[in-house]
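Chemist:
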Amino acid sequence: MSRKISLPDFISSFNEAQKEIVESVDVFEDTRASIKAKKDKIIEAAEVIRDEYGFVIPIGGGAIDYPEENRMEMNYYLNNPDSDFIIIYRIPVNREKPVLPSMTQVWEAMSFHERETHEMFGIDFEGHPNLVPLLLPPDWKGGYPLRKDFKGEGVE
Amino acid sequence: MSWIKKLLRPLGIVAPYILRNSQTVAYPTERLMFKERFRGRHQFFFERCISCGICARVCPCASIELVEAEGHEKTYPSIDYNTCSFCGYCVEFCPKQAIEFTDVVELAVDDRSTLKYSPERLSEVPDIKDLVPRMKRRTEAYLTDKEMKYRKVKDV
Amino acid sequence: MSMINAAFGNANQVQQNLAGILAYIMEFLTVNARPILQVLILPGLAFTLLFAVFAVWFERKFLARAMLRVGPYYCGGRSGILQVFADFIKLFLKEIIIPSDVNWILFALSPVMVSAVPGLALVLIPFDANWIMWDIGSLGLPMFLAIMGIAPLMPVFAGWVSNNKYSLIGSWRVAYMYISGEIPLVISAAAVAIMAGSFNLVDIVESQKNMWFAIPQFIGFIVFFLGVLIESERTPFDIPVAEVELVFGWRTEFSGILFGFTMMAEYVMLQAWTLLFITLYLGGYNGPIIMGSIIGSHIFWLLTKFLILVIFIVLLRCVFPRPRMDQMLKIGWNYLTPIALLNLFLVLAMKVWGVV
Amino acid sequence: MTEPEITPELMRISWGPQHPMSGQTRILLDTDGEKVHRIIADLGFTHRGIEKVLENRSLIGGIVPIDRMAMVDTANISIGYVTAAEKALGLEVPERANWIRSLVCEMSRINSHLYAFGLQAEATGYFPAVFLWTTIDREILLDLFEELTGARWSFNFFLPGGVYKDFPEGFADRVVEGVHYLRNRFKDYWNAMIENPMFEMRCDNVAILEPKDALRLGATGPVLRGSGIPVDMRNEEPYAAYADLDWEIITEDACDVMARTKVRFHEIGQSLNMMEQIAKEIPEGEIKTRFSPFARAPEGEHISRVENGRGEMSTHLWTNGTPNPYRVKILPPSLRNMYVFERLAELSHITVADIPVVINSIDPWYLDADR
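Sequences listed follow chains A, B, C and D, in order. 1 is the number of the first residue of the first sequence in my numbering; add one for each residue after it. 1001 is the number of the first residue of the second sequence in my numbering; add one for each residue after it. 2001 is the number of the first residue of the third sequence in my numbering; add one for each residue after it. 3001 is the number of the first residue of the fourth sequence in my numbering; add one for each residue after it.
(1) Relative to the C-alpha of Gly62/A, which candidate in Trp3365/D, Tyr3366/D, Leu3331/D has its C-alpha closest?
(2) Using the three-state DSSP reduction, which class does Tyr1076/B fall into: helix, strand or coil?
(3) Go to Trp2104/C, then tell me how far its alpha helix (DSSP H) extends in each direction, as first and last residue.
(4) Got a sec, what are the start and stop residues for the alpha helix (DSSP H) His3266/D sits in?
(5) Applying a beta-carbon distance threshold of less than 7 angstroms, which residues of chain D neighbour Tyr77/A?
(6) Could you give the distance in angstroms between the alpha-carbon of Arg3109/D and the alpha-carbon of Tyr3189/D?
(7) For the beta strand (DSSP E) holding His128/A, just list the boundary residues, first then last.
(8) Does the distance from the CB of Ala46/A to the CB of Ile21/A come in under 7 angstroms?
(9) What do you get for Glu156/A, buried or exposed, if any count of 16 or more other CB atoms within 10 angstroms of its CB means buried?
(10) Using C-beta distances below 6 angstroms, list every residue in its chain close to Arg3138/D, excluding the 5 sequence neighbours before and after it, in chain order.
(11) Would the segment 2215 to 2225 of chain C count as touching the segment 2286 to 2294 of chain C if we require 3 or more Cβ pairs under 8 angstroms?
(12) Any idea if Val48/A is buried or exposed, counting beta-carbon neighbours within 10 angstroms, 16 or more meaning buried?
(13) Where do the N-terminal and C-terminal ends of the beta strand (DSSP E) with Ala33/A fall, by residue?
(14) Please decide whether Val3064/D counts as near chain B, where near means a Cβ-Cβ distance under 7 angstroms.
(15) Since His3037/D contacts Ala3353/D with CB under 8 angstroms, what's their CB separation in whole angstroms?
(16) Could you have a look at Met2273/C and say whether DSSP puts it in helix, strand or coil?
(17) Under 8 angstroms Cβ to Cβ from Glu96/A, same chain only, skipping five residues before and after it: list those, please.
(18) Less than 7 angstroms between the beta carbons of Val1104/B and Arg1031/B, yes or no?
(19) Give me the chain D residues within the contact set of Val2244/C, using Cβ-Cβ distance strictly less than 8 angstroms, ordered along the chain.
(20) Is DSSP giving His1042/B helix, strand or coil here?
(21) If you run the structure through DSSP and keep just helix, strand and coil, what is His2298/C?
(22) On a CA-only basis, which of Trp2104/C, Ile2132/C, Ser2100/C, Met2148/C is nearest Gly2227/C? Give me that one, please.
(23) With distance defined between alpha-carbon atoms, name the residue in Leu1007/B, Phe1046/B, Ser1085/B nearest to Glu1070/B.
(24) If contact means a Cβ-Cβ distance below 9 angstroms, which residues of the segment 1137 to 1149 of chain B contact chain D?
(25) Whose C-beta lies closer than 6 angstroms to the C-beta of Cys2075/C among residues of the same chain, with five residues either side of it excluded?
(26) Output yes if chain D places a C-beta closer than 7 angstroms to the C-beta of Ala109/A; else output no.
(27) I want to verify the contact list: residues of chain C whose CB lies under 9 angstroms from the CB of Met3069/D, in sequence order.
(28) Less than 7 angstroms between C-beta atoms, sequence neighbours within five positions excluded: which residues of the same chain meet that for Thr3322/D?
(29) Roughly how many whole angstroms lie between the Cα atoms of Trp140/A and Leu3317/D?
(30) List, in order along the chain, the chain D residues whose C-beta lies closer than 8 angstroms to that of Gly62/A?
(31) Three-state secondary structure (DSSP) at Thr1139/B?
(32) In angstroms, rounded to a whole number, what distance separates the CA positions of Asp1080/B and Ile3066/D?
(33) By the criterion of Cβ-Cβ separation under 8 angstroms, what are the contact partners of Met3011/D in chain C?
(34) Nearest by alpha-carbon distance to Val1091/B: which of Pro1133/B, Phe1038/B, Thr1029/B, Leu1107/B is it?
(35) By the DSSP assignment, the beta strand (DSSP E) with Thr3031/D in it spans what residues?
(36) Going along chain B, which residues have a C-beta under 7 angstroms from Val2070/C?
Okay, here's the thing in structure tokens:
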């Protein structure tokens, strides 16, 4: 299978062309590009990644909690059938007021992953069409299980 | 015409199955021979154990506990089969091969507190005839060109 | 003493009366021996019940062979024959759960009706020219079709009264499917009646003495066979009870012996339609006379043909998947009905030009 | 899950979790007669919090719960986590171990596809004969697993830096024998099932998923390849020994249920070829790199992507210098495909009778969707 996009080309072109919307682009493990967008350009950057670079396959999304630094981070994993690397699109989240714009307007299939992150980390996704719990029972009141300060209280 | 042929061909294929031998092994009277590496209940050897405790530390299910045994000086592993998942790490990482697997799988009991095996109990392997009194023979599967068959290996 | 005398007359009279009653019973039995046997044994109670029991057992064992298993094994030796009776006792002793919000009289009545109505049709099947339970002459075939035409209403009714969404879908599927299956079936039966020149089932059988109607009417034979599968809800046409789709279709809510009745209905339907199928196409009770007894050998041949056909129908169960509802309707209306009509015209042509 | 509103003229059917064909999930169907207008998936009945459990286990202890995520596809599930863990620990895998890993993964893939295949037969309404045959044929693979690993399934056979045990004596011959037998059996499946006109009737032109929709909705695995898009992690990021083996990506262009079934069928054939190749050409050498079971991984993050029987599984592993992982994010294939299933009713005409067929062509394994 022919590979149209290789990682070094992508990094250089992406860094130059998208300076005003992108904060940083890193590479780790040789085949992963980690992109951070500027705070108010989250949706625009996502649309650029999807439309101009062809990252149309949403692999998924998930968050990670850093209580010591008082922040969380939302990651979206994206793939392009023609590339030999994947993109991790990182969005920092304020731990006190965890609100993000929903990425379902760009990649529809992030719906389930955002619902899961919502119940596991308590992040609210604005503009999500159906933000109800996915895996936990509807009467769950035990807190946010995947946050680091969750002590396993369970259901009331 | 080929459509009718396709429709009738399954009948010709399925009808001879009626005459094949069945794949059922009637368990309480016969049992399959297990392979050499089969992970059944553990057997423990007092004379090899150096009480290093690696098995207890490596056990992912926290089923192994070091306890004192009568007539022996040091502490030895006891296994709680309520939680054991037969992952084999204790056998793999034991520096002296003091724990090994047997092919005993008849662990069912009336009272779950008896599932916690002491080192003495682990060191003895009961005879199959005592565990399953109705057992008559051990069988083994083998392949012919078209079907799988079973043959008797030995009487119990 | 006088009171007894007043009531029964004297001792002599009592004796005479008793002898009279006994003689009456003996006379009744000798005159009505055949109807009693018919009611209790052959097309009646024992045949229906035993067929249901043995068909269940046979089906379990046979399909187990096809799946490379052994089937029931412990209950009643290796054959597992007692398993069926054990299951029957279990079904009988189980609690009958009646859902809230249903009319319990109708709910309990409908499974009984489901198995009783097709059972009625069995009285019309000729096991021999002299062994028909209800010989109504040339009304035989129309009556059979009329009774079996009412039968599908009962599952519709049972599914409707269960007040369950799956049952509801199942009962509508019954309604759609029977209509699409019954019309080609009746047209094919009409072609047989034309060829035999009579609606009388005995005449139809007798006119097949030289050649079974399956040979000149091969098209009708196939159509009628598919119709039998459709009408008796056998796989691959068990669409109304498709368990992977509708849990158990119109039978979902029935439990205990009520479920047992619905299960029996399936076998009674199969029995009635298969016997008619043999009567119309496979020469009915015709066959070489063995052991000198005409009635005996006729009954033997009919039952033998019946068993072979049932084995074949059971085998079909593990060979074909079931079609979808819309495909079923398409099979019924787009293919079977025109083919049945074609068969009818062919028979008419043969009749007109005197081929048969 | 709180149930969403329903249009008044439709009937809502609750399908599962106690339904013969639902598996451990619940689906809500908004139906109008036989036509399904909307599908709502209600997951989470088997949620066990595996991601949280992994945070409290050591790196190699985590392999045990990971193994239990998909029972029929154990090897392919656990190899994702194991590759990530060995990247974190900085371990090299010997070549022979890589080949053994590929063998076990392919056997596991056949196992998974055979199961899906049997369920597909049952969903179309075969009396469970075909399902029983596939179960019996899986027995051969399970026997091989038992001989190699010691367990019939959920064998935690892969360790970071290698595998648990080497081939026992004569194992390669028995693999070849099993491959030969299974090839014989697959002729029967092809003739009795796939080419059966009644089966074709049920599967052709049902639940068509156009390539652009498949990409947009995040389909993966045989669902994506059944829509004609050649994406396979074994090719995209070759792990184990896939770079050295002869194989190619299998796609079908019909985009319907039949295409997905055929993709699985041909993948089984290809896996059998790979099994044979591995059994005949496996290189000699070490099978594991020694390491301490209590090793601490330095701070960092690692992603591994592997191809399961059901599609791509990505594992994102964060470590921070303690024996336990800091966080493990598992992106399972079934969750992605369940979303595709939820949207299929809008994309094509689906009836109530099609639901079991469609859901088994997607082949979700709810235990790994729920984690």
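Positions of the beta carbon are idealized from the N, C-alpha and C atoms, including for glycine.
Modeler: Reading it off the structure:
(1) What you label residue 62/A is simply residue 62 of the first sequence in a count that begins at 1. If we check each option's Cα against that of Gly62/A, Leu3331/D comes out closest.
(2) Residue numbering aside, residue 1076/B sits at position 76 when the second sequence is read from its first letter. If DSSP states are grouped into helix, strand and coil, Tyr1076/B belongs with the strands.
(3) In the third sequence, counting from the first residue as 1, residue 2104/C sits at position 104. 2104 to 2121 is the extent of the alpha helix (DSSP H) around Trp2104/C.
(4) Taking the first residue of the fourth sequence as 1, we reach residue 3266/D at position 266. Here the alpha helix (DSSP H) through His3266/D covers 3257 to 3281.
(5) Within the first sequence, the letter at position 77 stands for residue 77/A. Ordered by position in chain D, the residues that pass the 7 angstroms Cβ test against Tyr77/A are Ser3314, Leu3331.
(6) On the fourth sequence, residue 3109/D is found 109 positions in, with the first residue counted as 1. On the fourth sequence, residue 3189/D is found 189 positions in, with the first residue counted as 1. Cα to Cα, Arg3109/D sits roughly 17 angstroms from Tyr3189/D.
(7) Position 128 of the first sequence, counted from the start, is the residue given in the question as residue 128/A. Element bounds for His128/A: n/a, residue is neither H nor E.
(8) Locating residue 46/A in the first sequence gives position 46, counting from the first residue. Locating residue 21/A in the first sequence gives position 21, counting from the first residue. Against a cut-off of 7 angstroms, the Cβ pair of Ile21/A and Ala46/A comes out as no contact.
(9) Counting from 1 along the first sequence, the entry for residue 156/A is found at position 156. A caution first: Glu156/A carries a pLDDT of 48, below 50, which makes its placement in the model unreliable, though a value can still be read off. It is exposed - the Cβ of Glu156/A has fewer than 16 other Cβ atoms within 10 Å.
(10) As a working note, residue 3138/D is residue 138 in the fourth sequence. Asn3111, Leu3114.
(11) no
(12) Working through the first sequence from its first residue, we reach residue 48/A at position 48. Buried, because 16 or more other Cβ atoms sit within 10 Å of the Cβ of Val48/A.
(13) The sequence position of residue 33/A within the first sequence is 33, counting from 1. Its beta strand (DSSP E) spans residues 32 to 37.
(14) As a position in the fourth sequence, residue 3064/D is number 64, starting the count at 1. Chain B, which has a Cβ nearer than 7 angstroms to the Cβ of Val3064/D, makes this yes.
(15) By one-based count along the fourth sequence, residue 3037/D stands at place 37. By one-based count along the fourth sequence, residue 3353/D stands at place 353. Actually they are not in contact, since the Cβ atoms of His3037/D and Ala3353/D sit about 15 angstroms apart, beyond 8 angstroms.
(16) Counting from one through the third sequence, the residue named residue 2273/C turns up at place 273. Note on identity: in this sequence residue 2273/C is Trp, with Met being the wrong assignment. In the structure shown, Trp2273/C sits in a helix (DSSP, three-state: H, G or I).
(17) In the first sequence, residue 96/A corresponds to position 96, counting from 1. Same-chain partners within the cutoff: Asn70.
(18) In the second sequence, residue 1104/B corresponds to position 104, counting from 1. In the second sequence, residue 1031/B corresponds to position 31, counting from 1. Not in contact: Val1104/B and Arg1031/B (Cβ atoms no closer than 7 angstroms).
(19) What you label residue 2244/C is simply residue 244 of the third sequence in a count that begins at 1. By Cβ distance, chain D contributes Pro3020, Met3021, Glu3122, Ala3123, Gly3125, Pro3356.
(20) Reading the second sequence from its first residue, position 42 is the one you call residue 1042/B. Of the three classes helix, strand and coil, the one that applies to His1042/B here is strand, per DSSP.
(21) Along the third sequence, read from residue 1 onward, the residue named residue 2298/C stands at position 298. Three-state DSSP puts His2298/C in a helix.
(22) Position 227 of the third sequence, counted from the first residue, corresponds to residue 2227/C. The candidate whose alpha carbon is nearest that of Gly2227/C is Met2148/C.
(23) Position 70 of the second sequence, counting from 1, holds the residue named residue 1070/B. Nearest C-alpha to Glu1070/B: Phe1046/B.
(24) Ala1141, Leu1143, Thr1144, Asp1145, Lys1146, Glu1147, Met1148
(25) Here the question's residue 2075/C lines up with position 75 in the third sequence. Once the five neighbours on either side are set aside, the close Cβ partners of Cys2075/C are Leu2082, Gln2083, Ala2086.
(26) Residue numbering aside, residue 109/A sits at position 109 when the first sequence is read from its first letter. Chain D, which has a Cβ nearer than 7 angstroms to the Cβ of Ala109/A, makes this yes.
(27) Stepping through the fourth sequence from its first residue, residue 3069/D is reached at position 69. Residues of chain C passing the Cβ test: none, with the nearest at roughly 25 angstroms.
(28) Within the fourth sequence, the letter at position 322 stands for residue 3322/D. Taken in chain order, the residues that qualify are Arg3296.
(29) As a first step, residue 140/A must be located in the first sequence, where it is residue number 140. As a first step, residue 3317/D must be located in the fourth sequence, where it is residue number 317. Taking the straight line from one Cα to the other gives about 27 angstroms.
(30) In the first sequence, the residue the question calls residue 62/A occupies position 62. Here the neighbours are His3316, Lys3329, Leu3331.
(31) Counting from one through the second sequence, the residue named residue 1139/B turns up at place 139. Correct three-state label for Thr1139/B: strand.
(32) The sequence position of residue 1080/B within the second sequence is 80, counting from 1. The sequence position of residue 3066/D within the fourth sequence is 66, counting from 1. Each residue's Cα considered, the two are about 21 angstroms apart.
(33) Taking the first residue of the fourth sequence as 1, we reach residue 3011/D at position 11. Lys2165, listed in chain order.
(34) Along the second sequence, one-based indexing puts residue 1091/B at 91. The candidate whose alpha carbon is nearest that of Val1091/B is Phe1038/B.
(35) Reading the fourth sequence from its first residue, position 31 is the one you call residue 3031/D. Looking at the DSSP string, the run of the beta strand (DSSP E) that includes Thr3031/D is 3026 to 3032.
(36) Along the third sequence, one-based indexing puts residue 2070/C at 70. Here the neighbours are Ser1022, Thr1024.
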